[in-house]
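Right, one structure below, let's go through it.
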């Protein structure tokens with residue numbers, strides 16, 4: 432059983448040749464709100480990041496995987512585990528699909544693969560996601576995969592001089 436290989440996509444580790452894709456994603460200002468970025472990244476900094484991306488999730492407390500179309504082998508997005516806490520067996524999830532590949536079911540397949548990987552290989556007890564209240568596509572995605580809304584952080588994200596609520600979703604492996 433390969434928990435990181437799906438019907439249409441694969442999840443794989445970052446490779447040095449992902450530098451250009453990572454540069455595009457990290458410097459796309461339309462993604463900065465969800466990534467809490469405020470300034471562009473240089474290729475030099477991203478190259479250093481890639482050189483250290485081999486660190487074990489237990490050491491780094493995070494894992495970034497490339498979402499790759501398994502037909503063309505093109506990178507189409509990223510999915511992250513962050514705030515990994517092995518003691519309490521929990522982690523946060525973030526997902527981003529390049530705009531050219533959205534609305535094709537890739538995010539749903541990637542999320543299901545990562546959930547399976549977390550529950551099977553990392554023995555995660557719970558996963559969570561923080562989603563702004565206006566991000567209807569992400570809310571639909573995570574609720575489709577049985578994440579439950581457990582709270583709202585009022586006026587949590589300031590974006591373009593407007594405060595947005597952030598909803599906390601949780602999936603418990605029972």
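In our numbering, the protein residues as written are 432 to 605.
Here a beta-carbon is modelled for each residue, glycine too, at the ideal position from N, C-alpha and C.
This one's a predicted model, so the numbers in the text were calculated from it and none came from an experiment.
Entirely enclosed alpha helix (DSSP H) segments - the stretch 543-592, minimum 4 residues: 567-575
Same chain only: Cβ atoms within 8 Å of residue 443, ignoring 5 sequence neighbours per side: On the chain shown, position 12 is the one that residue 443 refers to. Around residue 443: 435, 496, 497, 499.
Contact test: residue 456 Cβ vs the ligand COA heavy atom, cutoff 7 Å: No copy of the ligand COA occurs in the structure displayed, which carries no ligand at all.
Separation of residue 503 from residue 522, as counted between CA atoms: In the chain shown, the residue the question calls residue 522 occupies position 91. In the chain shown, the residue the question calls residue 503 occupies position 72. Residue 522 and residue 503: Cα-Cα distance of roughly 30 Å.
Inter-residue Cα distance where the pair is residue 449 and residue 506: For the purposes of this step, residue 449 is taken as residue 18 along the chain shown, with counting starting at 1. For the purposes of this step, residue 506 is taken as residue 75 along the chain shown, with counting starting at 1. Near 8 Å, if we compare the C-alpha coordinates of residue 506 and residue 449.
Top-ranked residue by Cα proximity to residue 546, from 568, 572, 567: By 1-based counting over the chain shown, the position of residue 546 is 115. The shortest C-alpha separation from residue 546 is found at 572.
Sheet register partners of residue 594 (DSSP bridge): Stepping through the chain shown from its first residue, residue 594 is reached at position 163. Paired residue(s): 589.
Cβ neighbours of residue 550 in the same chain (closer than 8 Å, five flanking residues each side left out): Taking the chain shown and counting its residues from 1, the one referred to as residue 550 is at position 119. 604, listed in sequence order.
Presumed contact (8 Å Cβ cut-off) between residue 511 and residue 492, rounded CB distance: The residue you call residue 511 lines up with position 80 of the chain shown. The residue you call residue 492 lines up with position 61 of the chain shown. With a Cβ gap of about 11 Å, residue 511 and residue 492 do not count as contacting.
Top-ranked residue by Cα proximity to residue 457, from 476, 446, 439: Taking the chain shown and counting its residues from 1, one reaches residue 457 at position 26. Of the listed residues, the one whose Cα sits closest to residue 457 is 476.
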